[in-house]
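K.L.:
Chains as they are written, first to last, in our numbering: chain A, 1 to 429; chain B, 1 to 429; chain C, 1 to 429.
Laid out in structure tokens, this is it:
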């Protein structure tokens, strides 16, 4: 009798620890929305700040409800398990884990969604953006999950026979969002005045470096939840999962640091100055780079992947800006897209203990990256192309010029600063 | 021998898990002060920002000491248990839980206190505000606790025979703060220029939408601690409390999301624009709405309560502004007051498994809301009325016009922006 | 068999709880970097904001890699244990705890490092600052650890026979950083225009009180991790460590609160106004003051230490400004230095249960403070003096006048505000 009480309690205790950890990291990952909001708001013009903030608020608010009602069911159906959603499970006793795991999945899904808003800033209509968010939360992201992070055998493993390695979503969440953003920005076209008639680019600086860096550091804080939180507290056999937790904590830290260093060094080499925004975005690119592989990377692999993810940022940004001529306002492709792809492809080469052949592992990564990229780009292009054909994708030139804050939201973000006169109803400024 | 060690350890482990969870969520709830500071600072004029920030800093600093030395004792005394405070228990061995639970109670108390500062912004004297904060932390809030969240039988249950349902303080903390704010703003009178001679209202926009939205998202992050953290890790019988934790996590998320959607839709219907500040405050109203009932609401109940809490915001704000003619600067009544009342009253109708009669349950909620409202409004009105009679409630018209930052704090929040010339001692801007 | 499973699981569970707590608080402490970035950015001129933000980003990014590769090994070697680093332990099975503990140590180390950037703001060259950060992370801070927080017998205990009491780094982390900052600022000299020819000081106000207060509250949030997180979940005998966790939570809260009150009261007594920045920095000084002793202080001791730590802030700041004539831009010495020393020296006098003689305990504290101060000031002075002799310490007067953002980073933090014209490529503001 005594032993059975003890054993029962041990099981309850383990459930308690594991789920409290999942909840805590889910809160941290939710906080990344605040980080994205600040990072993106800081990188847009003062006349478009409220628009960017509204998009971030609605990405979460609309997206999470759609993901609850539809997205999870589509993901399960696409994986061949039938349309099952968390609310359909409410009646039975298993609600606890279904509900906690739903929130955990939802904060990852919404991270993918919110990345897109940074690419289409300054000219996408609010209704077009919200429409795309619904499509992403209901179908586009759920299908990616069905191909990879599914209890069923995913598409990648079906094709190659080897599982696709993406621990916390370097490809599945971040590069998916970065590719979607790039595609949407490409179809929308650049902001007015972004390119001259001869094809040369003008820089349109964001309105506040301080908010951008604040957002960067808030994101890094939440990212510890994103990566370390993907490691469970216990292994499947019930032992403490410290080897994985410790490795993820260290590789995440080192890659983040080297991302900032890598981007800063390349910027310094190119211009003789250490551009603040490259350092900040490089830190994020380092985090994106390691996110697929923090559980398997060696410490030197984390340093190398972080450095490369940071160093590629100024180069890929320039390629997107000057060669592709796509106006990716907040550099979401270099930060989330190419850095995420780089990290996923690096998996076999920095693995501390690879159990399959390096070529097999690499092929699985190439296939996984390719399948996710093809689906994301195609589905995103279709949605935005249809919106464009309907004349709903983009605000009018007049509205773009006066700013989306006024035309879409009827507000002035900073009524007392800048060129406009503040309201003086309270006796003057 | 072996079994007794195991059993002892299991008890210690359970204590460890439960208390680490309480501490973690207490930190998250403390962080809501940073959220309130930003939300409120963003919604006031640039000339009053430092005043608002100082009030937020002092709400916490003065309030928490008063609550430690006096408030807890008053609460215990009012509930009939004698004047017992945490520091009086310090000598004995039970310090641990008393102290950890004190912090947990204190962060809820200070949330109620800080809400008031948003309503009286721009004209309340600092000493009047601090005096009221002391009264709230020492007496007003502790008496509310004694009526409801007390180990003794609370007043509401004494009257109706049915317990008052308020899981995490939708009524006890938020609506209490919202009602106190509305009352204080009513007695103080509106800011200069807020109303014209014909009674029509002027809009006085806040100085930074970005800070307001930042504060909103910081609050939402902390709110997960507020709501989910109110659920213990284990049930009273020692089992994992996952059914409640999971339900609270999901209903909190859904109501928050629908609050933003509801406020945005009503604003859109009224003006054709999706007002950013309504979306942000709607998200908060959705959170307030669910806070009394996240542990019992069905998923569709959470969606409905969130939607209604958001939708009522623009309507109640307009009623307060145009009919009551109260200058509730940061909309604390529509966000915290009416939304909190709505959620508390909705309890019987969205309950997943109501064990008492729906009418009995509803009467208990009506009585609880009424008693808390009557006490809060009366006590708050008395304090502010006395301050007003003493000529201490409000700054002079000259000080209000030049801004409270200068008159009360001797500082300029943004010396390099706006109309004023910056100090140029370091060689010019 | 049943019992052995139970016992094994209990050990794994305890490891799980303890390490999840360490990880969670490590994330909170990491978030303090965001707090420092905002606090310091708010206190510098608009023309130097991006420089300050870049320094904060690089302190973490460069410092943490150096601490990983070199610092830990130097600390172990200086304590007489040989040059051992976490990555050298990677091969063996013990990686988990080594890696988790490394992150935990690293976030403390980087806190000390980042404090310095606030003192040297507005004139230190980026390369000089980064060079010093490398020296701090590789040698200066590791040697302090070797003298105190080492598993070997530290230098202080060797000298006095009594251990040095510094629970979470009030002296070891904060005062060390504050002293290093003061020393660096002294050697660098003041900003242009900070002092007139007659030696009188000019105030150069920061560009945004809002960011400064935001940073303050973010720091306070992270500080709960810093202090409470230093208490393990379990005692060495496996019991729940609630008495310590509870005491630390309460004393940290009370000292923080009284720090804000103390600084506000002194400012009010001196000028008749409640200076917002003193209240905010006083709150931080209260936290610094308690950080060495939260586990042993009585509740009244915490109130007293917090009050004194806050009250000394305006006085010490004035002494540094007007007597020492050192331009400590963000007041890092009064906030982190003198407040940390005060708290460490107060240990014997507010102890709830002192086991050694009060004089012995006080001598150990005086020796510990003196040794750390002497080493930190000397090592810091040498590094900055060499940099100064090489002409690398400080930007040119022209660059200082136009601002470091432009000269060091090629960016404009707020291109649409202030005197400069914004870029209008997108059709005007």
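Backbone N, C-alpha and C fix where the C-beta goes; we use that ideal spot for every residue, glycine too.
From a predicted model like this one, the values you see are computed outputs, not experimental measurements.
Whole angstroms is fine: what's the gap from residue 23 of chain A's alpha carbon to residue 104 of chain A's?
P.N.:
7 Å
K.L.:
Do you know offhand how far residue 123 of chain A's Cα is from residue 403 of chain A's?
P.N.:
9 Å
K.L.:
According to DSSP, is residue 352 of chain C helix, strand or coil?
P.N.:
coil
K.L.:
Report the residues of the stretch 202-219 of chain B with a CB closer than 7 Å to any CB of chain C, ordered along the chain.
P.N.:
211
K.L.:
I think residue 54 of chain B touches residue 155 of chain B, with their Cβ atoms under 8 Å apart; what is that distance to the nearest whole Å?
P.N.:
Wrong, their Cβ atoms sit about 36 Å apart, outside the cutoff.
K.L.:
Restricting to runs no shorter than 4 residues, where is the alpha helix (DSSP H) found entirely within the stretch 290-333 of chain C?
P.N.:
299-318
K.L.:
Rounded to whole angstroms, what's the CA-CA distance from residue 295 of chain B to residue 116 of chain C? Just pull it up for me.
P.N.:
47 Å
K.L.:
Could you give the residue range of the alpha helix (DSSP H) that holds residue 226 of chain C?
P.N.:
209-228
K.L.:
Which whole-angstrom value is the C-beta distance of residue 81 of chain A and residue 152 of chain A, which I expect to be below 8 Å?
P.N.:
6 Å
K.L.:
Taking only three categories from DSSP, how would you classify residue 164 of chain A?
P.N.:
coil
K.L.:
Give a yes or no on whether 7 Å exceeds the smallest Cβ distance from residue 13 of chain A to chain C.
P.N.:
yes
K.L.:
Take residue 229 of chain C and list the residues in its own chain whose beta-carbon comes closer than 6 Å to its own, dropping the five residues that flank it on each side.
P.N.:
25
K.L.:
DSSP on residue 56 of chain B, reduced to helix/strand/coil?
P.N.:
helix
K.L.:
Determine, using beta carbons only, whether residue 134 of chain C and residue 244 of chain C come nearer to each other than 7 Å.
P.N.:
no
K.L.:
Quick one: list the residues of chain B neighbouring residue 275 of chain C, beta-carbon separation under 7 Å, in chain order.
P.N.:
Per Cβ cutoff of 7 Å: 409, 410, 411.
K.L.:
Let me know if residue 158 of chain A comes out buried or exposed under the rule of 16 or more other beta-carbons within 10 Å of its beta-carbon.
P.N.:
exposed
K.L.:
Relative to the alpha-carbon of residue 280 of chain B, which residue among B:273, B:386, B:292, B:261 has its alpha-carbon at the smallest distance?
P.N.:
B:261
K.L.:
Between residue 10 of chain A and chain C, is there a C-beta pair that is closer than 7 Å?
P.N.:
yes
K.L.:
Check whether the Cβ atoms of residue 372 of chain A and residue 176 of chain A lie closer than 7 Å to each other.
P.N.:
In this structure, residue 372 of chain A sits near residue 176 of chain A, with a CB-CB distance shorter than 7 Å.
K.L.:
Let me confirm a value: residue 35 of chain B is counted as buried when at least 16 other C-beta atoms fall within 10 Å, else exposed. Which label applies?
P.N.:
buried
K.L.:
Shortest alpha-carbon distance to residue 232 of chain C belongs to which of C:219, C:247, C:218?
P.N.:
C:247
K.L.:
Got a sec: is the Cβ-Cβ distance from residue 91 of chain B to anything in chain C below 7 Å?
P.N.:
Confidence at residue 91 of chain B is low in this model, with a pLDDT of 46, below 50, so its placement is unreliable and no value can be given for it.
K.L.:
Check the Cβ-Cβ distances between residue 46 of chain A and every residue of chain C, and say whether any is below 7 Å.
P.N.:
For residue 46 of chain A, the answer is yes, since a Cβ of chain C falls inside 7 Å of its Cβ.
K.L.:
Could you pull the DSSP bridge partners for residue 234 of chain B from this structure?
P.N.:
B:240
K.L.:
Would you mind reading off the limits of the alpha helix (DSSP H) that contains residue 373 of chain B?
P.N.:
358-389
K.L.:
Check whether chain A comes within 7 Å of residue 279 of chain B, counting only Cβ atoms and requiring the distance to be less than that.
P.N.:
yes
K.L.:
Contact criterion: CB-CB distance below 7 Å. Does residue 331 of chain C meet it with respect to chain A?
P.N.:
no
K.L.:
For the alpha helix (DSSP H) that contains residue 141 of chain A, what are its first and last residues?
P.N.:
141-147
K.L.:
Once DSSP output is grouped into helix, strand and coil, what is the label at residue 9 of chain C?
P.N.:
helix
K.L.:
Going along chain B in order, which residues have a C-beta closer than 7 Å to the C-beta of residue 50 of chain A?
P.N.:
What residue 50 of chain A touches in chain B, judged by beta-carbon distance under 7 Å, is 209, 276, going in chain order.
K.L.:
In the DSSP assignment, the alpha helix (DSSP H) including residue 408 of chain B goes from what residue to what residue?
P.N.:
Run containing residue 408 of chain B: none; DSSP gives neither H nor E here.
K.L.:
In angstroms, rounded to a whole number, what distance separates the CA positions of residue 238 of chain A and residue 303 of chain B?
P.N.:
37 Å
K.L.:
Taking the alpha-carbon of residue 355 of chain A as reference, which of A:165, A:19, A:150 has the nearest alpha-carbon?
P.N.:
A:165
K.L.:
In chain order, what residues of the same chain have a beta carbon less than 6 Å from the beta carbon of residue 142 of chain C, not counting five sequence neighbours either side?
P.N.:
71, 74, 75
K.L.:
Which of the three DSSP states is assigned to residue 81 of chain C in this structure?
P.N.:
coil
K.L.:
Where residue 31 of chain B and residue 109 of chain B are concerned, what is the direct C-alpha to C-alpha distance, given to the nearest angstrom?
P.N.:
One C-alpha to the other measures close to 14 Å.
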